[in-house]
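Numbering (my numbering), first residue to last: -7 to 333.
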């Protein structure tokens, strides 16, 4: 026993064999991973931290840091930054996370600011999202920040499930079992099982972490890139209900700002004109004049500061397009008595 203790290489394998033969007491067996060694040969392994466990599988240092942060109580991984969230807004992609109520509310706001746009058309949607971002930067910033936060939570939850599924019980087939309610910390096995693992790799000099590292690297998991989160189905974890509460509150704020601002000379009159026009015509669409089929017109929008109707008109089969702006009464004269203009 003295020779073993004084040996340059403390062969843990030899200690296991001697214990099995009754030649060595548990109090003389030591290894950094041993949390408890019972007289019946059951061994409780305790990892100092998650990183110690993740280092068993041949992951890159960067990937190990990502995993450590993922399971840290303090967090730290930023999967969707605020710049990306802003670009998602300006690209119209956040609209896909709106519920029907908020889509209707956004469309209502659009009818005041850009009635010619159709939010079901992606190009029009991006134009309107950019317009709101320019006009109501702080309000949109609240929406995009909440989107980024909810997306981070969704990615984190998804990746945690994936990592636990891949790694928590990966050694179960080898006879090493998770012994606690959480992963990557406490596992139990037996003397006989550890001896079999040492014999499998023909290694009699490694400590427990060293032999488990060989076992972990043998699993072929080193290419699992958990930082590449786009490959995972995280959208199901996105908290749509919470996010849409934020969206609704902020869209209502935009709507209130529109009514209270001096942008509109008479917002109620604006609304009546808009409803009158949309009941008869579709904005940004060419129509023939009722009394002159050789002439065509297209309503562009309504000027909020004047309540004038902005429109274009042209002669059929000619490329020349004229622009004009008229109050509703004169616009009706233009439609039915174009000869006056």
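Every residue gets a Cβ at the ideal spot worked out from N, C-alpha and C, and that includes glycine.
Please classify residue i: does DSSP put it in a helix, a strand, or coil?
{"i": "residue 38", "result": "strand"}
{"i": "residue 241", "result": "helix"}
{"i": "residue 71", "result": "coil"}
{"i": "residue 319", "result": "coil"}
{"i": "residue 292", "result": "strand"}
{"i": "residue 304", "result": "strand"}
{"i": "residue 284", "result": "strand"}
{"i": "residue 27", "result": "strand"}
{"i": "residue 112", "result": "coil"}
{"i": "residue 169", "result": "strand"}
{"i": "residue 214", "result": "coil"}
{"i": "residue 21", "result": "coil"}
Report back the beta-carbon spacing between residue i and residue j to the nearest angstrom; my notes put them in contact at under 8 Å.
{"i": "residue 243", "j": "residue 49", "result": "At roughly 47 Å, the Cβ-Cβ gap does not stay under 8 Å, so residue 243 and residue 49 are not in contact."}
{"i": "residue 93", "j": "residue 300", "result": "Not quite, the Cβ-Cβ distance comes to about 32 Å (not below 8 Å), so this is no contact."}
{"i": "residue 313", "j": "residue 303", "result": "With 8 Å as the limit, residue 313 and residue 303 do not qualify as a contact, their Cβ atoms being about 10 Å apart."}
{"i": "residue 256", "j": "residue 296", "result": "4 Å"}
{"i": "residue 111", "j": "residue 99", "result": "6 Å"}
{"i": "residue 161", "j": "residue 207", "result": "14 Å between Cβ atoms; not a contact."}
{"i": "residue 190", "j": "residue 179", "result": "The Cβ separation is near 17 Å, so there is no contact."}
{"i": "residue 101", "j": "residue 247", "result": "6 Å"}
{"i": "residue 181", "j": "residue 35", "result": "6 Å"}
{"i": "residue 200", "j": "residue 4", "result": "7 Å"}
Exposed or buried, residue i, counting other C-beta atoms within 10 Å across all chains shown (16 or more means buried)?
{"i": "residue 172", "result": "exposed"}
{"i": "residue 218", "result": "buried"}
{"i": "residue 282", "result": "exposed"}
{"i": "residue -1", "result": "Residue confidence for residue -1 is low, a pLDDT of 47 falling below 50, so the modelled location carries little weight and cannot support an answer."}
{"i": "residue 332", "result": "exposed"}
{"i": "residue 392", "result": "Any answer about residue 392 is impossible in this case: the structure gives the chain only from -7 up to 333."}
{"i": "residue 183", "result": "buried"}
{"i": "residue 174", "result": "exposed"}
{"i": "residue 78", "result": "buried"}
{"i": "residue 46", "result": "buried"}
{"i": "residue 164", "result": "exposed"}
{"i": "residue 336", "result": "Not covered by the structure: residue 336. The range shown for the chain is -7 to 333."}
{"i": "residue -3", "result": "With a pLDDT of 49 at residue -3, under the threshold of 50, the modelled position of this residue cannot be trusted, and the question is left open."}
{"i": "residue 308", "result": "exposed"}
{"i": "residue 251", "result": "exposed"}
{"i": "residue 81", "result": "buried"}
{"i": "residue 63", "result": "buried"}
{"i": "residue 68", "result": "exposed"}
{"i": "residue 269", "result": "buried"}
{"i": "residue 193", "result": "exposed"}
{"i": "residue 42", "result": "buried"}
{"i": "residue 310", "result": "exposed"}
{"i": "residue 40", "result": "exposed"}
For the alpha helix (DSSP H) that residue i lies in, which residues bound it at each end?
{"i": "residue 143", "result": "129 to 155"}
{"i": "residue 100", "result": "92 to 105"}
{"i": "residue 255", "result": "Unbroken run through residue 255: none, as it is neither H nor E."}
{"i": "residue 205", "result": "200 to 209"}
{"i": "residue 298", "result": "Per DSSP, residue 298 belongs to no alpha helix (DSSP H) and is neither H nor E."}
{"i": "residue 53", "result": "53 to 62"}
{"i": "residue 5", "result": "4 to 12"}
Would you mind reading off the limits of the beta strand (DSSP E) that contains residue i?
{"i": "residue 279", "result": "278 to 281"}
{"i": "residue 180", "result": "178 to 182"}
Inset, instruction - Count the CB pairs spanning the stretch 63 to 76 and the stretch 141 to 150 that are closer than 8 Å, and state whether there are at least three. - result: yes
Inset, instruction - Would you be able to state if there are at least three C-beta pairs under 8 Å between the stretch 114 to 129 and the stretch 226 to 234? - result: no
Inset, instruction - Inspect the CB distances between the stretch 15 to 27 and the stretch 155 to 169 and report whether three or more fall short of 8 Å. - result: no
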